[in-house]
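Chains C and G are the protein sequences, given in the same order. Numbering-wise (my numbering), the first sequence opens with residue 130 and increments by one. Numbering-wise (my numbering), the second sequence opens with residue 130 and increments by one. Even for Gly, the Cβ is constructed at its ideal location relative to N, Cα and C. Below: the structure, in structure tokens.
There are 2 protein chains.
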Amino acid sequence: MLIELSVNDFCNELASQSPAPGGGSVAALSGALGAALAAMVCNLTIGKKKYADVEGEMMETLTSAADIQQKLMQLIDADTDAFNAVMSAFGMPKDTEEQKAARAHAIQNATKRATETPMDVMRLSRDAMQLTGVVAVRGNQNSISDAGVSAIMLRSACEAAALNVRINLGGLNDTAFVQTTRNEVQSILDEVSDLESRIRSDVERKL
Amino acid sequence: MLIELSVNDFCNELASQSPAPGGGSVAALSGALGAALAAMVCNLTIGKKKYADVEGEMMETLTSAADIQQKLMQLIDADTDAFNAVMSAFGMPKDTEEQKAARAHAIQNATKRATETPMDVMRLSRDAMQLTGVVAVRGNQNSISDAGVSAIMLRSACEAAALNVRINLGGLNDTAFVQTTRNEVQSILDEVSDLESRIRSDVERKL
Chain C
130 MLIELSVNDF CNELASQSPA PGGGSVAALS GALGAALAAM VCNLTIGKKK
180 YADVEGEMME TLTSAADIQQ KLMQLIDADT DAFNAVMSAF GMPKDTEEQK
230 AARAHAIQNA TKRATETPMD VMRLSRDAMQ LTGVVAVRGN QNSISDAGVS
280 AIMLRSACEA AALNVRINLG GLNDTAFVQT TRNEVQSILD EVSDLESRIR
330 SDVERKL
Chain G
130 MLIELSVNDF CNELASQSPA PGGGSVAALS GALGAALAAM VCNLTIGKKK
180 YADVEGEMME TLTSAADIQQ KLMQLIDADT DAFNAVMSAF GMPKDTEEQK
230 AARAHAIQNA TKRATETPMD VMRLSRDAMQ LTGVVAVRGN QNSISDAGVS
280 AIMLRSACEA AALNVRINLG GLNDTAFVQT TRNEVQSILD EVSDLESRIR
330 SDVERKL
């Protein structure tokens, strides 16, 4: 599994001649890093006298951030698996009409799945960004730059995942699915951009 | 070393109660991922008949991207080391006037070093973004979304590193150094923002 590789080996594997892992797995990793930083700020707030009045909120935020982090970490491998499934479908035989039909069907299914993984990255990163908004305002203010970096990584996760959704949508025939997905991509990008601007200006003010 | 941890353990260590690694190491990792994706697009271009006319340029770009990637990977640990050195300086004894002066001096030195690591992340990520500009335009167009993700991760690396420079500048007395550094931060952020917009609009058009 990719997440069992060392950071060193993961980066080298990414750079290598093999097309997977690629940008889709990096999007999921960026989201996991952003969620992990939100969890870190919770951990650096809990147990501090100065922040006793937000302890309950930080415990809840930590639980949610840690859960999202684990899900995003799983999507690092899921995205590469989904990409490889598309490649396998393209590699199916196409000598007879029957084979051509089976291949076309498999390509459509695998490509649809390859849009769903980055859509999940987008949804989870958006949810994590809401948690980052909480820790930036009420978490340990000594960690304010970490909250800022969390927001940056989560926005990147969404934008990177959006590119991976769009490139796969181009190959799909199910126009209703394509339109619904395009709308959701735009809606999450808009929401995340608003959240990030608000968090970033709060962080910049406190630096 | 942090880069010897698995991706899984690195994310969990990031989320933990210990303040390091934090946003500074994530900035360096984001840059390494962006440079690695630029290198990947070179690797997926070299040797392809269709791209024979840019083979030489892609070989040179690959060498540069791989070099920057390795340097950014080293900065993942260097940033955490620099942060820990600041913490150690703050932990020095301050009972006598002599101790107070030695501690203040050590804090200034360690904090200055803690601005230099993220400055290097910014400079290297800016250099990598120029390479991403090359691969987005003339590299393998099947990997266009990877070039886009590369640009996203490199912009994030710069923005995240900038937060870490700024939070450390706040603690420095050397006003000339502070002003020069603030100017360089703003100049790199502007340059990177321009480069990223150009690459992103090129990628969006081709998706």
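- Listed along the chain, the chain G residues whose CB falls inside 8 Å of the CB of C:MET282 are VAL155, SER159, SER285 and ALA289.
- For G:SER274, the uninterrupted alpha helix (DSSP H) run begins and ends at 273-298, by DSSP.
- Contact of G:ARG295 with chain C is assigned, a C-beta pair being separated by under 7 Å.
- Straight-line spacing of the CA atoms in G:GLU288 and C:ASP182 works out to 32 Å.
- Contact between G:MET251 and G:LEU166 fails: their C-beta atoms lie close to 18 Å from each other, not under 8 Å.
- Counting only the Cα atoms, G:SER159 lies some 15 Å from G:THR209.
- For C:LYS229, the enclosing alpha helix (DSSP H) has its first and last residue at 226-267.
- Between C:ILE132 and C:ILE197 the beta-carbon gap is near 15 Å, outside 8 Å, which marks them as no contact.
- In chain order, VAL170 and LEU173 place their CB closer than 6 Å to the CB of G:SER272, counting only its own chain and leaving out the 5 sequence neighbours on each side.
- When 7 Å is used as the limit between beta carbons, G:GLU186 is near no residue of chain C, the shortest such separation being about 17 Å.
- By the neighbour-count criterion, in which 16 or more other beta carbons inside 10 Å mark a residue as buried, G:ASN269 falls on the buried side.
- Taking a cut-off of 8 Å on C-beta distances, the region 310-329 of chain C touches the region 244-258 of chain C, as three or more cross pairs fall below it.
- Chain C places no beta carbon closer than 7 Å to that of G:GLY268, leaving this residue out of the contacts.
- Contact with chain C is absent for G:PHE212, since none of that chain's Cβ atoms lies less than 7 Å from the residue's Cβ.
- Remark: C-beta atoms of C:ASP323 and C:ALA265 do not approach each other more closely than 7 Å.
- If you compare the alpha carbons of G:GLY163, G:LYS335 and G:ALA305 with that of G:LYS200, the shortest gap goes to G:GLY163.
- For G:ASN213, the closest C-alpha among the options G:MET258, G:ASN238 and G:LYS223 is that of G:ASN238.
- In this chain, G:GLY220 is not harboured by any alpha helix (DSSP H), its DSSP state being neither H nor E.
- Note: C:SER135 is bridge-paired with G:SER135 in the DSSP secondary-structure output.
- Annotation: the continuous alpha helix (DSSP H) that includes G:ALA157 extends over 152-172.
- At a Cβ-Cβ threshold of 7 Å, C:VAL278 and G:VAL155 count as neighbours.
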